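Read the structure below first, then the notes.
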Amino acid sequence: MKSTINNFLLVAALSAGFAACTKNEDVSNGAANTASAAAANLSLNNRVVAAFVKDSSTLPNLPAGTLPAGYNNFRRLLTYDTSATVNKAPAYNVGDVINIAAYLKGDDFAISKRKINFRFFQPPASFITATALFPLQKAEDSYRGFAPGVSDILNTVSFPFIGATSTAPFEVKIVDSEKTGGINYSTYLVQLAYTIPQALSGKVVSINFTANTAGTASDLGNVNWIYAFRVK
């Protein structure tokens, strides 16, 4: 009899444990968690991440042919030897079309409140210090979280919302969807076929990619590719 009671208690304890474990599954009360994401008193800060595509491994499981044949043919990032050939900004002409590939990831509510911006700009002169051991390293460090001011911007190309579209010069695709804590997150591949305008002639150009709406670096949806290319 005692053995039977012990077995019963063991089964009851295991059942309670399993119930406790399943309580936090992603599918639990998804509607409530989505409503929480949309709460007016929650900040949108740090809820959208922006980044450039470095190579085909940047975004896992992309189907073959998703990325354009040539993209982000710019000065390599995080290479600080300023005499290295790979560190020189490639030269383009006014009228050339260059392909830029980047991505945005965030919870669906925060994404719905953002838009897509590519800003082509010249950096403040203070970002380059000729006496620094690695001038580009100092400049690149200065760019972290930097949002170019109106006086720095040479040209802007924007799309009014973040969503799947094929509207020239943009191609935007959802490449991943997941649910964490009942809240939906999506990753968008953003491609821009950019025609270099006259405004960039004779300039060394940096690219700011952001999901912000107010031109500030208020969240992580803001990234820069410094000294990306130059225009003859």
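Here the working numbering is used: the first residue of the sequence shown is 6, the next is one more, and so on.
Yeah, the Cβ is synthetic: ideal placement off N, Cα and C, and Gly gets one too.
All values derive from a computational prediction rather than experimental measurement.
In this structure, Ala56 sits near Val228, with a CB-CB distance shorter than 8 Å. One Cα belongs to Pro202, the other to Tyr97, and the distance between them is close to 11 Å. Take Pro128, set aside five residues on each side of it, and the residues of its chain with a beta-carbon closer than 6 Å to its own are Ser211, in chain order. In this structure the region 62–81 does not lie against the region 156–173, because fewer than three pairs of beta carbons, one per stretch, are closer than 8 Å.
For Ser41, the secondary structure class from DSSP, reduced to helix, strand or coil, is helix. Residue pairing by DSSP places Ala152 opposite no residue, since no beta bridge is assigned to it. For Ile116, the secondary structure class from DSSP, reduced to helix, strand or coil, is helix. Counting along the chain, Ser61 sits inside no beta strand (DSSP E), nor does DSSP assign it H or E at all. In this structure, DSSP gives Asp157 a helical state, which the three-state scheme calls helix. Contact annotation: the region 63–79 does not touch the region 113–120, with fewer than three C-beta pairs closer than 8 Å. Remark: three or more beta-carbon pairs, one from each stretch, lie closer than 8 Å, so the region 99–114 and the region 184–202 are flagged as touching.
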